[in-house]
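K.L.:
Let me give you the structure first, and then I'll get to my questions.
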Amino acid sequence: MKLQYGFARSLVPARTWPFFIDVGVAACGLAVFFTIVKTGVYWLGKPVPVVPISSSIRVLPLYASYSIVRMVLAYMLSLVFAVTYGYIAAYNARLEPWMVAVLDILQSIPVLSFLPPVVLAMVSLIPGHQLGIEMGVIFLIFTGQVWNLAFSFYTSLKTIPREMVEASRIYRYSAWQRFWQLELPFSTIGLVWNSIVSVAGGWFALIFCETFTMGNRNFQLPGLGSYIQEATYSGDVRALVAGIGAVVLIVVATDQLVWRPLIAWSDKFKFEQVESADRVKSPILELLRKSTLFSTVPGRLAGQIEEPIYRRLSRTRECRVVQPLDAGRPAKNSPGYWALIAAVTVAVVWAAAQAIYMLSSITWPDLKLLLEGAAATFLRVNAALLISAAWTVPVGVAIGLNPRLARVVQPLAQILASVPATAFFPVLLIALVRLGGGLGIGSIALMLLGTQWYILFNVIAGAMSIPSDLREVASLYRFTRWQRWTRLILPGIFPYLITGMVTASGGAWNASVMAEYSHVKDRTLEVIGLGAQIDAATDSGRFSMLLLATIFISLMVVTMNRLVWRRLYRLAETRFKLEG
Amino acid sequence: MQEPAIQNGAADRAATEAAGAVSAQNPVAEAIIRAEGIEKYYAQPSENRIQVISATDLSIVPGEILALLGPSGSGKSTMLRMLTGLSRPSAGQVYWHGKPIAEAEINVSIVFQSFALFPWLTVLQNVEAPLQARGVEPEERRTRSMKMIDTVGLDGFEGAYPKELSGGMRQRVGFARALVVEPEVLFMDEPFSALDVLTAENLRSELLELWSKKTMPTKAVFLVTHNIEEAVLLADRIVVLGRNPGHIRTDFRVQLPQPRERKSEGFTQLVDYIYKVLTRPDVSPDEAPDHQHPTPRVRDQRQMKYQMLPHARPGGVAGLLELLLDKGGRDDIYRLAEDLAFEIDDLLPIVDAAQVLGFLTVEEGDAAITPTGTEFANSEILRQKELFRDAAVKGVLLLRQIRRALETKSDHTVPEEFFLDLLDEQFSEEETQKQMETAIAWGRYAEIFDFDAGRRRFVLPDAQEEAVAPAEEAP
Ligand SMILES: Nc1ncnc2c1ncn2[C@@H]1O[C@H](COP(=O)(O)OP(=O)(O)OP(=O)(O)O)[C@@H](O)[C@H]1O
Ligand SMILES: [Mg+2]
């Protein structure tokens, strides 16, 4: 398994954009926040549309289908948006640095921290109806899924081999043909792998969002998440088992029926010049390929639609004149363009200023509370990461060095990473309440459940990639165990470990937000932390606190990424590359 | 004898313009593609621009195979891209039948070194794709593509994917795709250099056959290559590019009749001549053998501060000198390459390197070993390093500078970046990296400096020893 197709969420771009773009992006973020909150405020105090949640097994299929539909909608939306976004970012030189900076920041921010305000805003747009909550939830999952997809597509577009682009130009492909025959095929593998990660993250968030309550307001949606929660709280073990079983079943079925065939199929887009021996096999895909219906009908249908398009496009200028590849002299900006830029800037600055002005109502005790919360969450996230790494590294290496075992366990780790840990959260909470443990431990446990598999998966991949001749050399020279680890194994898995940790860290931040503030029946469990602050602040309508907490969490994540992960990543890329 | 259709230089250009104004029958006016004073600059991150091609005129006229030769990095590919409209010249203009190329409906194809096939499309789909872009109906598309696949000898493989084919077969697909649109000019960028020798030979002769039998409606072929023999085998006209920045060094017609014999005297003479041109970048070339038309012209207007280091390993230089000594100290470079079973292009950097170090001189296509060269070849390794060090410090500005900087600084270390910045002003980013790699390889070998790859710093070798020495004395 190659690193670039690894099971990772965050991709780390080389930072090439100037600092003012970061500032600009931050200003835009503030402006968006302000708009959302302003919209949300109107809603406060209006009646809550509550749907009673049933825990009867008979409704389970229905609830499961609700959840699946939400998931599919969010994913489709993400894919379309990601492809559009990546395309514009790759080909519009003026927007490119801005769009990449936005990607870089948004892919690392824990979107779940926006759940309360986003749901509020959506509900206020469609008042008195569950649709508002539905849209809020879908929108949120969408924002959690879209960035790594967009980033993957953007990177693919930027790495298409030059001669292939030139071939498409000299043979005068239209943008349409280029997209379907060059750009999309070339990006497929990256998109498939990132889709797996995105959808896994989506389930994690969806299950949680469906059970979302805030103070005494209830935003529950009928779905798997609310079903499991209801079953847990009503002590219905059968329903609980059935609910969790349904979640696992959906994940396994998605893996077998969708992802495996897709991975096997996307093998044909691999840009290797030689046939590779070792590849993912999928019986489902074999079946589909053998069916005459499936192998002829889509092609014919596509032909019916395509041909008129190609015929029409061939008469356009683009298909008659060879389009140069290097950017021409920059076009003169029209006054309209400048007016637009000015208007946008004014609007953003105004909204950002308003948002910052909101902060003036923060008092010292508030600030102290937030700082403590930030420190607590930070410690918890990193504790979870350390614990994950501590057990996954030895286990992953042991598995990875045993190829036969690795071939079995690695796909399993991928599935485990895709099972949403949030489904187990209600059970975990009840257990903690019974045992008298605090939510502090509970939130760490939740983070662990959600994130350690990414690390395990990548560590196994790393151990598998250590060339066997290097291992032989190590045993030939009778390396001690210590030497083997420090000279061979750790350097060998380092890039993979970092990839896994970056992903896990993103997931852990996300989990922290939802884990710190929970309701068990009518009790509210709460530990000190930023996530708790965010929920509590929305609950009481203190938007200044909400804003500051969100700023804190974003700043922490972005700073960690820039100062720690990005450096480690670069180090991994340069120093510890085993191949060549 | 026919007048050369392409001319270079200001005086010639004036003449061309005058002629063009008088009559439409002028051969220049009939050019399919005509470049006038095209130049190319690339912007550098460091804000200065690098000139890759200096003002050049070139025309492609019907009925000829034109080969563009030149050392690596001389801008052959850049030139090809400007002539096909893929790249906009920074100055000057390219015309397609007299019309600016950016507005003309041109009909050309390119065969690429890397084949540039789409791995997710079958052979047939790959060949059909350009026709699809032109709005050809499905049935016609299919028949034309199948016919072309037959022509290149791939019948039966239309359903295969490129990765199932050998390199040679892949390039056949590349040819089929290029020819299926019936291009007026067929461009090729080192089409055979990714193939093994036999396959390449085979494809070359098949191409010639297609061309001479007029099986393809193509009116002209433009071939970029770094293989001298290939150029002499195929071309009706050869243009040699020099580098820094790219310029035409010589442009002549090949009068040898087809099919050409590699062993014939005319052939080897011509190869020798081109060799001479390529190995003496600083000397204006003489006329090509067997005909007279002086267009030699060297444009080294820009005073280079750093010379271009040839990318050769010290070990390679030693090997070459030893071989040369075995042969009595003097031999034809062309024959040396043959004896070593080297591609000429691989040998030239080594010869260049030995020349820069003053270990050999090149005269008339012969390499002759110098007294230091002889001593070098006869010495054992430590002495060799010493000789190499003296020669390198004397002959290579960059190495001299690094050494001096290391000696001057109190801590005896200098970051690589410092020199990269200096090189950057003169070379492209990629070339800067290559130059530095070569300099590091030479410097390490000759113990001019040590290089700490982790910290990317140069270190004076003695400085390190000094640092270690006291510790060793302690016990
Ligand atoms: N996009 C670019 N940006 C900056 N420099 C470039 C770019 N493309 C080419 N160059 C530089 O222009 C010079 C000429 O490149 P070109 O590829 O045309 O050479 P070439 O003669 O085809 O060499 P080769 O034999 O290696 O293919 C090289 O020094 C190269 O580094
Ligand atoms: Mg080239």
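Protein chains in written order, with the numbering used here: chain V, 11 to 590; chain S, 24 to 498. Every residue gets a Cβ at the ideal spot worked out from N, C-alpha and C, and that includes glycine.
1. Taking C-beta to C-beta, are Arg-494/V and Val-332/V nearer than 9 Å?
2. Among Arg-576/V, Ala-542/V, Leu-350/V, whose alpha-carbon lies nearest the alpha-carbon of Pro-126/V?
3. Determine, using beta carbons only, whether Ala-287/V comes closer than 9 Å to chain S.
4. Would the beta-carbon of Asp-212/S be found less than 8 Å away from any heavy atom of ligand 2?
5. Hey, how far is the Cα of Leu-246/S from the Cα of Arg-260/S?
6. Does any residue of chain V bring its CB to less than 9 Å from the CB of Ala-58/S?
7. Assuming Ile-463/S contacts Phe-474/S under a Cβ cut-off of 8 Å, what Cβ separation, rounded to an integer in Å, is found between them?
8. Quick one: Cα of Met-511/V to Cα of Ala-525/V, how far?
9. Identify, in the order they occur along the chain, each residue of the same chain with its Cβ nearer than 6 Å to the Cβ of Tyr-76/V, setting aside the five sequence neighbours on each side.
10. DSSP state of Asn-130/S, grouped into three classes?
11. Are the C-beta atoms of Lys-408/S and some chain V residue less than 9 Å apart?
12. For ligand 1, enumerate in chain order all residues having a CB closer than 5 Å to any of its heavy atoms.
13. Near Ala-111/V, which residues of its chain fall below 7 Å by C-beta distance, leaving aside the five closest residues on each side in sequence?
14. Report yes if the CB atom of Met-331/S is closer than 9 Å to the CB atom of Asn-267/S, and no otherwise.
15. Consult DSSP for Tyr-184/S and reduce its assignment to one of helix, strand or coil.
16. Counting only beta-carbon atoms, is Ser-88/V nearer than 9 Å to chain S?
17. Should Gln-136/S be listed as close to ligand 2, given that the test is whether its C-beta is under 8 Å from any heavy atom?
18. Does any residue of chain V have a CB that is nearer than 9 Å to the CB of Pro-153/S?
19. Could you tell me which of Thr-560/V, Phe-161/V, Pro-413/V, Val-129/V sits nearest to Ala-384/V, measuring between CA atoms?
20. At what residue ranges does the segment 333–400 of chain S contain a whole run of the beta strand (DSSP E), taking only runs of 3 or more?
21. Give the secondary structure of Ser-168/S by DSSP, where H, G and I count as helix, E and B as strand, and everything else as coil.
22. Comparing C-alpha positions only, which one of Thr-107/S, Thr-395/S, Leu-218/S sits nearest to Pro-123/S?
23. Rounded to a whole number of angstroms, what is the C-alpha to C-alpha distance between Asp-80/S and Ser-307/S?
24. Using alpha carbons as the reference points, say which of Gly-179/S, Glu-160/S, Phe-275/S lies closest to Leu-92/S.
25. What do you reckon, is the C-beta of Val-247/S under 8 Å from a heavy atom of ligand 2?
26. At 8 Å on the CB atoms, spell out the chain V contacts of Leu-109/S, in chain order.
27. Find the residues of chain V that neighbour Arg-336/S, judging by a C-beta separation of less than 9 Å, and give them in chain order.
28. For Glu-62/S, name the three-state secondary structure that DSSP assigns.
29. Is there a Cβ from chain S that is less than 9 Å from the Cβ of Gly-233/V?
30. Decide if the segment 164–179 of chain S is in contact with the segment 196–210 of chain S; the criterion is three or more beta carbon pairs, one per stretch, under 8 Å apart.
31. Drop a sphere of 10 angstroms on the beta-carbon of Pro-394/S, count the other beta-carbons inside from all chains shown, and report buried for 16 or more, exposed for fewer.
32. When you compare the CB positions of Gly-154/V and Ala-215/V, do they come within less than 9 Å of one another, or not?
33. Consult DSSP for Phe-245/S and reduce its assignment to one of helix, strand or coil.
34. In the structure shown, what three-state DSSP assignment does Met-331/S receive?
35. Is Asp-336/V helix, strand or coil when you go by DSSP?
36. Taking Cβ positions only, does Ala-376/S come closer than 9 Å to chain V?
P.N.:
With the structure as the only source:
1. no
2. Ala-542/V
3. The predicted model places Ala-287/V with a pLDDT of 49, which falls under 50 and marks its position as unreliable, so this point remains unresolved.
4. yes
5. 10 Å
6. no
7. 5 Å
8. 20 Å
9. Pro-232, Gly-233
10. coil
11. no
12. Tyr-65/S, Val-75/S, Ser-95/S, Gly-96/S, Ser-97/S, Gly-98/S, Lys-99/S, Ser-100/S, Thr-101/S, Ser-451/S, Glu-453/S, Glu-454/S
13. Trp-27, Ile-31, Asp-32, Val-35
14. yes
15. coil
16. no
17. yes
18. yes
19. Thr-560/V
20. 353–355, 383–386, 389–392
21. helix
22. Thr-107/S
23. 18 Å
24. Phe-275/S
25. yes
26. Glu-176, Arg-179, Ile-180, Val-332, Pro-334, Leu-335
27. The premise fails here: Arg-336/S is roughly 17 Å from chain V at the closest Cβ pair, so nothing lies under 9 Å.
28. strand
29. no
30. yes
31. exposed
32. yes
33. strand
34. coil
35. coil
36. no
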